[in-house]
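Residue numbers (UniProt numbering): 1 to 251.
Positions of the beta carbon are idealized from the N, C-alpha and C atoms, including for glycine.
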């Protein structure tokens, strides 16, 4: 997954740089004007806004990819906040493009449009792989239980935190935290999906019946066995219940 992100970011950055170089290269007086003669202050402001906007999507997409590469829930924040600004401006830009006076401006808009489509295709291909549910967590745990137990032991006895991140990266996890209130249980951040997150809670030994009942009765958790619990971290708004919990527990 990391290599796909790196390739996508590099391609997006190349497209953004190409757009800027093409838009601001040395050009004729006719190409300096977007809509013909722009003598009034209002026209000049309109030209500035338009010329800035048809460049910004390429740079903005690259920035979003860079942020999402490490903290994917930032993508949702950008979309929620930026959508109210970008979508209206994009519609105005498309409408105004009818009166563009030379091929260069159409080409610049075309490159930007390609970058946007490229970004949306990337989301369509990548985002389904970022889903998570109890079955995925069970399958992952069964395949990596030795490595996860090793990570837990290392986290409990850690002296040098520099060696912790490579272990997390190797497992495709994003965090690890020792829960002192739970007698050495370790919480491992497994996967982020949008603004939610999924965790493993792994006990060093069998948890007591009281703890087990607590996790059974709390809709945020799914006790997998007497050592492992699946945890759902919900966003600030929305349902706190672990998605698919009832169906999984009925199996």
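Cα-Cα separation, residue i to residue j
i           : j           : result
residue 203 : residue 146 : 13 Å
residue 177 : residue 191 : 15 Å
residue 216 : residue 223 : 6 Å
residue 213 : residue 163 : 35 Å
residue 199 : residue 14  : 36 Å
residue 195 : residue 208 : 32 Å
residue 171 : residue 18  : 36 Å
residue 205 : residue 182 : 11 Å
residue 233 : residue 136 : 16 Å
residue 226 : residue 250 : 17 Å
residue 179 : residue 142 : 22 Å
residue 31  : residue 139 : Caution is warranted here: a pLDDT of 49 is assigned to residue 31, below 50, making its placement in the model unreliable, and the coordinate value is therefore given only provisionally. Their backbone Cα atoms lie some 59 Å apart in a straight line.
residue 184 : residue 10  : 42 Å
residue 169 : residue 144 : 13 Å
residue 197 : residue 175 : 11 Å
Residue environment, residue i, which counts as buried when at least 16 other CB atoms sit within 10 Å
i           : result
residue 210 : exposed
residue 235 : exposed
residue 158 : exposed
residue 151 : buried
Which residues DSSP lists as bridging residue i, in chain order
i           : result
residue 187 : 177, 201
residue 230 : 200, 222
residue 193 : 196
Cβ shell of residue i (< 7 Å), same chain only, five flanking positions each side left out
i           : result
residue 247 : none
residue 173 : 188, 189, 190
residue 240 : 219, 220, 234
residue 167 : 151, 154
residue 165 : none
Beta-carbon spacing of residue i, residue j below 8 Å
i           : j           : result
residue 193 : residue 156 : no
residue 244 : residue 134 : yes
residue 148 : residue 201 : no
residue 219 : residue 242 : yes
6 Å CB neighbourhood of residue i in its chain, flanking five on each side removed
i           : result
residue 231 : 199, 201, 221
Cut-off 8 Å between Cβ atoms - residues of its own chain near residue i, not counting five sequence neighbours on either side
i           : result
residue 131 : 193
residue 161 : none
residue 29  : With a pLDDT of 47 at residue 29, under the threshold of 50, the predicted position of this residue should be treated as unreliable, and no value is reported.
Cβ of residue i within 8 Å of any chain D Cβ
i           : result
residue 132 : As a matter of chain content, chain D is missing from the structure shown, which is built from one protein chain.
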